[in-house]
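Structure, as structure tokens:
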Amino acid sequence: MAYQPRSHYLVDIPTIPDERGKLAVLEHNGAVLFDIKRVYYLFDVPAGTSRGGHAHRNLDQLLIAISGSFTVDVEGLDDKSSYVLNRPNQALYIGSMVWREMRDFSSNAVCLVLASTVYMEADYIRNYDEFARLNRSIS
Ligand code: T46
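Going from the sequence shown to my numbering is simple: count from 1 and add 365.
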């Protein structure tokens, strides 16, 4: 199974519980269906701050609320959804050409992101009108 552009959905991360706690596994061809080229994380996000506000031309990502919670608003081809991420054993997959905005970070929120490419500013579409035009043109 390959990830699809313009798609977004929740992925359960296999978790091994025992009396010492829980261990969650992000493994290639398990919860992660792309080669991980980059890992970054967002933390110390001030209350009331929004992040994101862009799409990517060619990027697969998994977002995980390692701690705390936040909301991700996404827009794909003809759909809009909001996901509340608040479990460290659940990830949100976001594919290429999906507009995303992140909001309502709790004070202890840490958003871990696994990405399929290294950082390239040229991959970003930061103008919503351009995103909408491009998304329509590849329909
Ligand atoms: C995304 C959401 C979930 C780098 O130099 N390297 C990196 O790997 C990243 C991700 C960012 N940067 C620089 C680019 C900007 O100067 O860090 C600065 C802040 O980046 P940005 O405003 O894009 O951050 P967010 O939180 O709005 O978006 C980030 C990712 O950029 C984006 O791909 O999907 O988190």
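We treat Cβ as the ideally placed atom computed from N, Cα and C, and that holds for glycine.
By C-beta, the residues closer than 5 angstroms to any heavy atom of ligand 1, given in chain order
Y405, R416, G417 and Y484
Report, in whole angstroms, the separation of the C-beta atoms of G417 and M467, which I expect to be a contact under 8 angstroms.
About 5 angstroms separates the two Cβ atoms, so the contact holds.
Between R371, Q369, L375 and P370, which has its C-alpha nearest L457's C-alpha?
L375
Using three-state DSSP, classify E392 as helix, strand or coil.
Shown here, E392 sits in coil according to DSSP, grouped into three states, outside any helix or strand.
So, at 8 angstroms on beta carbons, what are the nonlocal neighbours of V404 in its own chain, with the 5 sequence-adjacent residues on each side left out?
L477, V478, L479 and A480
Nearest-angstrom Cα distance between R491 and V475?
23 angstroms
Rounded to whole angstroms, what's the CA-CA distance from K445 to D383? Just pull it up for me.
38 angstroms
What are the boundary residues of the alpha helix (DSSP H) that R498 is part of?
Run containing R498: Y493 to S502, per the alpha helix (DSSP H) assignment.
Report yes if the C-beta distance between Y489 and H419 is below 8 angstroms; otherwise report no.
Yes; because the gap between Cβ atoms is below 8 angstroms, this pair is in contact.
Would you grab the beta carbon distance between G441 and S372 for me? Rounded to a whole angstrom, and I think it's under 8 angstroms.
6 angstroms
Contacting residues, own chain, Cβ-Cβ under 6 angstroms from I381 (five flanking each side not counted):
Within the same chain, I381 has close Cβ partners L388.
Hey, how far is the Cα of P453 from the Cα of V437?
When rounded, the distance between both Cα atoms is 15 angstroms.
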